[in-house]
Amino acid sequence: MYTREEGEFVRHDPCPQCGSRDALAVYNTGTAWCFSCSTHIRDYDTSEQRIGEANMTRDSFVRG
Numbered sequence: 003m004y005t006r007e008e009g010e011f012v013r014h015d016p017c018p019q020c021g022s023r024d025a026l027a028v029y030n031t032g033t034a035w036c037f038s039c040s041t042h043i044r045d046y047d048t049s050e051q052r053i054g055e056a057n058m059t060r061d062s063f064v065r066g
């Protein structure tokens, strides 16, 4: 049986199991938990960035 570890919440990510775009809670302990499908990932890479975030710069926005 899985016992949820204590850890500090880092961010929400897309769930690789169910496809939810923001239900995967990522913790600084290297674990992640999907609140949509109850998937637990023990060795989640907390240094990963969401798709597109790494390439965004101040100039990525439209000037008006």
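Each residue of the sequence shown is one higher than the one before, starting from 3 at the first, in the working numbering.
The C-beta atom is built at its ideal place from N, Cα and C for all residues, glycine as well.
Values in this document were obtained by computation on a predicted structure and should not be read as measured data.
C-alpha gap between residue i and residue j, whole angstroms
i, j, result
"Q19", "T41", "7 angstroms"
"P16", "G32", "16 angstroms"
"D47", "R13", "12 angstroms"
"S9", "N30", "Reading the sequence as shown, one finds Gly at residue 9 and not Ser. When rounded, the distance between both Cα atoms is 6 angstroms."
"L26", "F11", "11 angstroms"
Status (buried if at least 16 other CB within 10 Å, exposed otherwise) for residue i
i, result
"C36", "buried"
Backbone secondary structure at residue i - three-state DSSP
i, result
"A27", "strand"
"F37", "coil"
Residues that residue i bridges to, as DSSP identifies them
i, result
"C15", "What sits at residue 15 in the sequence shown is Asp, not Cys. Answer by DSSP bridge pairing, in chain order: L26."
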